[in-house]
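In the numbering used here, the protein residues as written are 888 to 1033. See structure below.
In structure tokens:
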């Protein structure tokens, strides 16, 4: 199938470009080779690191100590399991928000590696080795840090 806009990468820049293009009436395909949509920002960068930091501050009661006193703690023993549980909840929520945003704006997505075949055609290769070709009028390479 052919699209008006092909966006490679589903991080913050790719997400914004895809949604804005769709709002302008363009057919959009977002391709990301990661396990889930969201890019490095959602899965290994900004959001996970800030989530872990905020979880420790919240569970330790650090922010409320001025009001409740220095000995205040939400939870006495904070385990790695507590941190991982909160991290997974946060990341799942972020991916769900992105998927819903794409669905609302009729943005299609694919999990694949991309290879340019020409100025308006790419080959998509999935993890299972399936190949498909996609045509497009415009492309945005928004692969971020890698």
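Think of the CB as a built atom: it goes at the ideal place given N, C-alpha and C, for glycine as much as any other residue.
Taken atom to atom, the span from the alpha-carbon of residue 970 to that of residue 939 is near 6 Å. Cβ contact annotation for residue 976 (same chain, cutoff 8 Å, sequence separation greater than five): none.
Within a 10 Å sphere around the beta-carbon of residue 908 sit 16 or more other beta-carbons, which makes this residue buried. Take residue 903, set aside five residues on each side of it, and no residue of its chain has a beta-carbon closer than 8 Å to its own. Membership of residue 998 in the beta strand (DSSP E) is indicated by the continuous run 994 to 998. DSSP, read as helix, strand or coil, puts residue 888 in coil. Residue environment for residue 1003: exposed (fewer than 16 other C-beta atoms within 10 angstroms of its C-beta).
Residue 1009 sits close to residue 1021, with the two beta carbons spaced by under 8 Å. Sixteen is the threshold: since fewer than 16 other Cβ atoms of the shown chains lie within 10 Å of the Cβ of residue 944, the residue is exposed.
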